[in-house]
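Contents: one structure, followed by commentary.
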Amino acid sequence: MNNEQLLKRIETNPKVMMGKPVVKNSRLTVEIILEKLANGQTEDEIMNAYPFLQKEDIRACLLYAAKVISLEHLIAA
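Okay, structure coming up:
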């Protein structure tokens, strides 16, 4: 799965979670996934907690965060 396909797994909608980026067709925010990974949870543990989640969704969250950070860096420069 390429980057474009991964990023399509993330969506923002002002009516869902106050517009925060979420895994498509869910209310699970990118932020929550990143926090769980940062706290040492494995992909399997996260997917067990959220049975609808796929590994590609987790990869999409990581890629989305990387893209956001790269844009911030460009703006700040």
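Residue numbers (the working numbering): 4 to 80.
Beta carbons are placed, not taken as given, at the ideal position from N, Cα and C, and that holds for glycine.
V26 and V71 have their alpha carbons spaced roughly 15 Å apart. A direct Cα-to-Cα measurement between A41 and E34 gives close to 10 Å. In this structure, the straight-line span from the alpha carbon of Y53 to that of N5 is close to 23 Å. DSSP places V71 within a helical segment (H, G or I) once states are collapsed to three. Sorting L37, S73, G43 by C-alpha distance to the C-alpha of D60 places L37 at the top. In the displayed model, V33 falls within a helix according to three-state DSSP.
Ranked by Cα distance from N28, the first of F55, M50, T45, D47 is F55.
DSSP places N51 inside the alpha helix (DSSP H), whose first and last residues are 46–52.
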